[in-house]
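Notes to accompany the following structure.
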Amino acid sequence: MVGPRLVCHLGFVLTLAATHPASAETALIAIHVVNSDDDTCSDLACSINRNDHSGFTLALPAVAPGATVMSGAVDAEVDANGDTTVQLRWWDPDYQQYHYSEPLRRHTVDEPLSGFVFHIPPSSERRVLIVAPHPDDETLAHAGVIYHALHGDHLRHARVWVVVVTSGDAYTSAVANYYQVSSPTALDFRNSALARHAESLDAMARLGLTHSNDVLFLGYPDQGLRSLFTSNYDMSAVYTSSFTRQNEKYDPDAFRRDASPESIKYTGTNVVQDLVTILSSFRPSEVYVSDPRDSHVDHAYAYLCFDTALRAAGMLSATLYREIIHAPQQSSTYWPNPAYATDREARCTPTLTFETPAGMPVPDASFDFAVISAYSPIRRADPATNLKRLAIDCYKSQIGWYYSGGVLVPSTVIDSKGYLISFAKSNELFWLGGHDGPDNNGWPASPGVQTLEQSASGQLGRQYSDSPLQQDVHDVWRLTVPETGQMRFCMETTGSDLGLRLYDRDGTTLLATFQQGGSTESFAYVFCAAGTYYVEVFIADAGSGGSYVFQDTSLSVLPCDFDRDCDVDVDDRNMFEACGSGPGLPYAVDCAEADLDPDGDVDQTDFAVFQRCYSGESVTADPNCSQ
2 MVGPRLVCHL
12 GFVLTLAATH
22 PASAETALIA
32 IHVVNSDDDT
42 CSDLACSINR
52 NDHSGFTLAL
62 PAVAPGATVM
72 SGAVDAEVDA
82 NGDTTVQLRW
92 WDPDYQQYHY
102 SEPLRRHTVD
112 EPLSGFVFHI
122 PPSSERRVLI
132 VAPHPDDETL
142 AHAGVIYHAL
152 HGDHLRHARV
162 WVVVVTSGDA
172 YTSAVANYYQ
182 VSSPTALDFR
192 NSALARHAES
202 LDAMARLGLT
212 HSNDVLFLGY
222 PDQGLRSLFT
232 SNYDMSAVYT
242 SSFTRQNEKY
252 DPDAFRRDAS
262 PESIKYTGTN
272 VVQDLVTILS
282 SFRPSEVYVS
292 DPRDSHVDHA
302 YAYLCFDTAL
312 RAAGMLSATL
322 YREIIHAPQQ
332 SSTYWPNPAY
342 ATDREARCTP
352 TLTFETPAGM
362 PVPDASFDFA
372 VISAYSPIRR
382 ADPATNLKRL
392 AIDCYKSQIG
402 WYYSGGVLVP
412 STVIDSKGYL
422 ISFAKSNELF
432 WLGGHDGPDN
442 NGWPASPGVQ
452 TLEQSASGQL
462 GRQYSDSPLQ
472 QDVHDVWRLT
482 VPETGQMRFC
492 METTGSDLGL
502 RLYDRDGTTL
512 LATFQQGGST
522 ESFAYVFCAA
532 GTYYVEVFIA
542 DAGSGGSYVF
552 QDTSLSVLPC
562 DFDRDCDVDV
572 DDRNMFEACG
582 SGPGLPYAVD
592 CAEADLDPDG
602 DVDQTDFAVF
612 QRCYSGESVT
622 ADPNCSQ
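With the working numbering as the guide, the letters of the sequence shown map in order to residues 2 to 628.
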């Protein structure tokens, strides 16, 4: 941005002439442009469209700050019984992008065509940041927000940046269809990421975000954000994608915050630091990011990464909007509405509004497209010309297109039930918040992975007895298990519906999950080998305030797991049979563990217990198996 604002009024009175059908009449058209910016506005142009959709574009000269330019007026041929619509476009050097005015409309018979007045406003202080977990989420959830920020209010245009966190390079069925292969290779997955990169740019250009520097691709692995945020947070444990076989960014146009080779490695620290760099540079006034209750794990962890970065950058004053792409309790067949029946195209409903997803409270905010001119392309009822639908159609690799003879051809194999196109609605839903001051009202501050310490009482815990339970609670705890055995979780909550998930040592495999409602306690039993595990605590439904605490997570040895390998298998059976003594017969001293009653012998009663606990080779035992 440059210097203090200067106000200059630029008057253009333009002569328009065009060949038009016989129904046209001659009318005076005059266009006035008022510039209040302090920079030269270049590449100005007006598009003039008649009622029958014919029209033309008139280029205007660049104008320096403070300059006044006028031109004489003449007649132009227009439809005497229809409407004439005029829209102004100009290049903004501060934002390095085009801005578009709201289209102005006049009826040829009733209104003079000399009253088109456009204002080029001062560069806006409104800065909109869109954070999308995958390429396509930016359009599905935010097309209306992006379009309106760029075009909707001719007095207050916004600068928009879009950040795509992952490359979307792990969608196996889509990649297999796109390249028509049964088993995609690592190269196929990497190539699909580059294709999705281009698709996002095409979609954003349709919405008016034509400057590619305003769409940033971080280049992190699809289906990898949970691992990056937990077990692969720093350079001591760089993540490698099982799909692309890469452990660092490979997209040549991926965002790089510096030239160091470490900055492009797949670690949670790099994700957070990239976001901090972007936040510090752009300094958004409003941010749109995925809700942690989204059922797609990348969406939940994109929020956690971003919330960590937001705190690190000290930008908690930005208004935070969160969206849902994958409903917590509904499949893509049923949400967004309407549910799929038999006609894929019937799910594209640009005149309907979104229903609240099951498992989510009523949205705090809704961007209603009604604030945009009724003549805007994003509000068109016809899916064939609706701008949001056209932007969604740019994601060819996601809606079923594939290569045939080196040429892309359409199909509906992937999006056969119209999931993506069902996001073409007349509004967009958001839940507000995600932070309430520097300490988040007593909830753990980021970075979001905290360590549960073993206390003298043998409990692992953290209690928030006086804190209001936030709607967006999504805590991640690191848990160290010192030895193999049975772990008993007791989770107490008050006044809210909370859920718990326990993941294994690489942060990817779900070992246990439960949720509860109201003031109660719930238990989970898990058999764990020694190592590090991760526990998520999250809102499972509309919480009403309260607290939670972990307790009684002491370990007990798994009965019948004599070799301590976390399963009861053939090795344990051989050991048990070697200890058999018969009813009333004492067993050898080293067979004490095989006396499962215990009644002083190892007999058929003990064998019945063993059979109940037997799980097989490398199979985790039944959690209900106990002495």
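Glycine is no exception: its CB is placed at the ideal position from the N, C-alpha and C atoms.
Quantities reported herein were computed from a predicted structural model and do not represent experimental measurements.
Paired residues, beta bridge with residue i - DSSP
i             : result
cysteine 47   : Leu59 and Leu89
arginine 160  : Arg128
lysine 397    : Per DSSP, none; premise fails for lysine 397.
histidine 33  : Val118
lysine 266    : Glu249
leucine 388   : In the DSSP output, where bridge partners are listed per residue, leucine 388 has none listed.
leucine 105   : Val87
valine 64     : Cys42
threonine 167 : Tyr221
For residue i, three-class secondary structure by DSSP
i                 : result
arginine 197      : helix
phenylalanine 117 : strand
phenylalanine 1   : Residue 1 cannot be examined here, being either before or after the span of the chain that is shown, 2 to 628.
histidine 629     : With the chain covering 2 to 628 only, the question about residue 629 has no answer from this structure.
leucine 324       : Position check: residue 324 holds glutamate in this sequence, whereas leucine was assumed. Residue state, collapsed to three classes: strand.
serine 291        : strand
serine 333        : coil
valine 372        : helix
cysteine 630      : Since the first residue shown for the chain is 2 and the last is 628, residue 630 is missing from the structure and cannot be characterised.
phenylalanine 647 : This structure does not reach residue 647, given that the chain is present from 2 up to 628, and the question cannot be answered.
tyrosine 588      : coil
threonine 140     : helix
arginine 257      : coil
phenylalanine 593 : The sequence shown places alanine at residue 593, not phenylalanine. DSSP places alanine 593 in helix when its eight states are reduced to three.
serine 243        : coil
glutamine 628     : Its pLDDT being 40, under 50, glutamine 628 is placed unreliably in this model, and the value from its coordinates should be taken loosely. Residue state, collapsed to three classes: coil.
leucine 151       : helix
isoleucine 379    : helix
valine 146        : helix
alanine 359       : coil
alanine 319       : coil
Terminal residues of the beta strand (DSSP E) in which residue i lies
i              : result
glutamate 429  : 428 to 433
methionine 369 : The question names methionine, but residue 369 is aspartate in the sequence shown. Aspartate 369 -> beta strand (DSSP E) spans 366 to 369.
tyrosine 341   : Premise fails: tyrosine 341 is in no beta strand (DSSP E) and is neither H nor E.
valine 603     : Run containing valine 603: none; DSSP gives neither H nor E here.
valine 410     : 408 to 410
serine 405     : 403 to 405
Element boundaries [alpha helix (DSSP H), containing residue i]
i                 : result
leucine 280       : 269 to 283
histidine 300     : 298 to 313
serine 174        : 173 to 180
phenylalanine 577 : 571 to 579
Residue-chain proximity (residue i, chain C), Cβ-Cβ < 8 angstroms
i           : result
leucine 188 : Absent here is chain C; the protein component of the structure consists of one chain.
Check: residue i C-beta below 7 angstroms from any heavy atom of the ligand NAP
i           : result
glycine 209 : Looking for the ligand NAP in the displayed structure turns up nothing, as the structure carries no ligands at all.
Problem set entry | Complete runs of the alpha helix (DSSP H) confined to the stretch 184 to 236 [at least 4 residues] | The qualifying runs are 187 to 208 and 226 to 230.
For this session: Indicate whether the contact test is met: 3 or more Cβ pairs, each with one atom in the stretch 158 to 170 and one in the stretch 129 to 145, closer than 8 angstroms.
Result: yes
For this session: Count the C-beta pairs between the stretch 318 to 329 and the stretch 134 to 152 that are closer than 8 angstroms, then say yes if the count reaches three, no if not.
Result: yes
Problem set entry | the stretch 378 to 392 / the stretch 346 to 359 touching (three or more Cβ pairs under 8 angstroms) | yes
Exercise. Taking one C-beta from the stretch 334 to 344 and one from the stretch 363 to 382 each time, how about it: are there three or more such pairs within less than 8 angstroms?
Worked result: Look at the beta carbons and you see the stretch 334 to 344 not touching the stretch 363 to 382: under three pairs across the two are nearer than 8 angstroms.
Exercise. Taking one C-beta from the stretch 387 to 399 and one from the stretch 196 to 210 each time, how about it: are there three or more such pairs within less than 8 angstroms?
Worked result: yes
For this session: Could you tell me whether the stretch 236 to 250 touches the stretch 218 to 225, where touching means 3 or more Cβ pairs closer than 8 angstroms?
Result: yes
Exercise. Would you say the stretch 410 to 418 touches the stretch 170 to 178, given that touching needs at least three Cβ pairs under 8 angstroms?
Worked result: Taking one beta carbon from each stretch, the stretch 410 to 418 and the stretch 170 to 178 have 3 or more pairs nearer than 8 angstroms; the two touch.
Exercise. For the stretch 600 to 610 against the stretch 576 to 583, are there 3 or more C-beta pairs whose distance is under 8 angstroms?
Worked result: yes
Problem set entry | Any 3 or more C-beta pairs closer than 8 angstroms across the stretch 272 to 292 and the stretch 305 to 323 | yes
Exercise. Taking one C-beta from the stretch 223 to 238 and one from the stretch 261 to 273 each time, how about it: are there three or more such pairs within less than 8 angstroms?
Worked result: Contact between the stretch 223 to 238 and the stretch 261 to 273 is present, because at least three Cβ pairs lie under 8 angstroms.
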